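First comes the structure, then the notes that go with it.
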Amino acid sequence: MKQLLLSLFLFYSCNCQSQQKVADSLPFQEKVAFKGTSLLLPLGLMSYGILGIKNDPVRKWDRDIRKSLHPNGAKTMIDDYIMFSPIAATYGLDLLGIKGRNNMLNKSIILGTSTLLLYSSVNIVKNNTNIRRPSGRSQSSFPSGHTAISFMAAEFLHQEYGHESLWYSIAGYSIATTTGFLRIYNDKHWFSDILAGAGIGILSTKIAYWLYPLLKNVIFKNRNKTLESQVKVQFTPLYTGNELLLATSLRF
Numbered sequence: 004m005k006q007l008l009l010s011l012f013l014f015y016s017c018n019c020q021s022q023q024k025v026a027d028s029l030p031f032q033e034k035v036a037f038k039g040t041s042l043l044l045p046l047g048l049m050s051y052g053i054l055g056i057k058n059d060p061v062r063k064w065d066r067d068i069r070k071s072l073h074p075n076g077a078k079t080m081i082d083d084y085i086m087f088s089p090i091a092a093t094y095g096l097d098l099l100g101i102k103g104r105n106n107m108l109n110k111s112i113i114l115g116t117s118t119l120l121l122y123s124s125v126n127i128v129k130n131n132t133n134i135r136r137p138s139g140r141s142q143s144s145f146p147s148g149h150t151a152i153s154f155m156a157a158e159f160l161h162q163e164y165g166h167e168s169l170w171y172s173i174a175g176y177s178i179a180t181t182t183g184f185l186r187i188y189n190d191k192h193w194f195s196d197i198l199a200g201a202g203i204g205i206l207s208t209k210i211a212y213w214l215y216p217l218l219k220n221v222i223f224k225n226r227n228k229t230l231e232s233q234v235k236v237q238f239t240p241l242y243t244g245n246e247l248l249l250a251t252s253l254r255f
């Protein structure tokens, strides 16, 4: 289990490193161009997760992984909080004067778009699959929302600051991988739930970056300079009794 999660993390880190080497030899591009190869990892993770819904060998592996961790209920609540830290780091670096790919307004709109894509996707899938959690407490196991958020946040940090240093990307994805592991360790999700959530999170952020030039030209055309001086970003943690959520608000 740990080896598999580590392999996934190392694969993405190597991919980020190869992308950075290419980027270092080219002029920096503010826009994130669509690349078909960027879909391979998130779609592969999501495909494996979908296989876990009905595929007996995959379901058996899920059960074996759970059994190896000796489940006996929640052991830690760290995963409820660390999933947001790459987002906090992205804004914190900006406030410290370390500029990323986008200014505060643009990155906030991108984050809002990816969050909207993520929550709509996760809720639709949860409501139509009704997979029981390992603990048996509910039927909202697939996919893992916590993991989706953490990988969305990690990809957000990677897109904004990965071109500055590979270590930003490594830090973000280390936190995301830890969050995914803890969701299994706390008996909240199956392994296939985690992989599906990771794929949704990464893909939501990538799509948001690909869509943003269109949103900027169509919705915010000729208004960006005015909005940049007026935008205020606020984050509010919300606890529903079962999950900790992060509400983001923009004031113009």
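Per the numbering used here, the sequence shown runs over residues 4 to 255.
Think of the CB as a built atom: it goes at the ideal place given N, C-alpha and C, for glycine as much as any other residue.
This one's a predicted model, so the numbers in the text were calculated from it and none came from an experiment.
> Rounded to the nearest angstrom, how far is the Cβ of residue 207 from that of residue 183, given a contact under 8 Å?
Replying inline: Position 204 of the sequence shown, counted from the start, is the residue given in the question as residue 207. Position 180 of the sequence shown, counted from the start, is the residue given in the question as residue 183. The pair is not a contact, with the Cβ atoms about 16 Å apart (cut-off 8 Å).
> How long is the line joining the alpha carbons of residue 54 and residue 202, rounded to whole angstroms?
Replying inline: In the sequence shown, counting from the first residue as 1, residue 54 sits at position 51. In the sequence shown, counting from the first residue as 1, residue 202 sits at position 199. Cα to Cα, the separation comes out at about 14 Å.
> Assuming residue 121 contacts residue 155 under a Cβ cut-off of 8 Å, what Cβ separation, rounded to an integer in Å, is found between them?
Replying inline: As a working mapping, residue 121 is identified with position 118 in the sequence shown. As a working mapping, residue 155 is identified with position 152 in the sequence shown. At roughly 5 Å, the Cβ-Cβ gap stays under 8 Å, so residue 121 and residue 155 are in contact.
>> Cutting at 7 Å between CB atoms, please list the residues of its own chain near residue 128, excluding the five before and the five after it.
In response: Counting from one through the sequence shown, the residue named residue 128 turns up at place 125. Counting only Cβ-Cβ distances below 7 Å, and skipping sequence neighbours, we find 145 and 146.
> Should residue 110 go down as buried or exposed, given a rule of 16 or more other Cβ atoms within 10 Å for buried?
Replying inline: Taking the sequence shown and counting its residues from 1, the one referred to as residue 110 is at position 107. Flag for residue 110 reads buried.
> Can you tell me the Cα-Cα spacing of residue 112 and residue 179, whole angstroms?
Replying inline: The count along the sequence shown starts at 1 and reaches residue 112 at position 109. The count along the sequence shown starts at 1 and reaches residue 179 at position 176. Distance between the alpha carbons of residue 112 and residue 179 is about 22 Å.
> Cα-Cα, which of 85, 188 and 213 is closest to residue 65?
Replying inline: Sequence index remark: in the sequence shown, residue 65 carries index 62 (1-based). Comparing Cα-Cα distances from residue 65 to each of 85, 188 and 213, the minimum goes to 188.
> In its own chain, which residues sit with a C-beta less than 6 Å from the C-beta of residue 117, not counting the 5 before and 5 after it?
Replying inline: Indexing the sequence shown from 1 puts residue 117 at position 114. Residues 155, 207, 208 and 211 of the same chain have their beta carbon placed closer than 6 Å to that of residue 117, with the five preceding and five following residues left out of the count.
>> Can you list, in chain order, the residues of its chain with a C-beta nearer than 7 Å to that of residue 216? Leave out the 5 residues immediately preceding and following it.
In response: In the sequence shown, the residue the question calls residue 216 occupies position 213. Within the same chain, 34 come within 7 Å of residue 216 by CB-CB distance, once the 5 residues on both sides are set aside.
>> Considering Cα atoms alone, identify which of 198, 193 and 185 is closest to residue 86.
In response: Taking the first residue of the sequence shown as position 1, residue 86 is located at position 83. Of the listed residues, the one whose Cα sits closest to residue 86 is 185.
> DSSP state of residue 220, grouped into three classes?
Replying inline: Here residue 220 refers to the residue found at position 217 of the sequence shown. DSSP, reduced to helix, strand and coil, places residue 220 within a helical segment of the structure shown.
>> At 3 residues or longer, what runs of the beta strand (DSSP E) sit wholly inside the stretch 52–112?
In response: Secondary structure remark: continuous beta strand (DSSP E) runs of at least 3 residues inside the stretch 52–112: none found.
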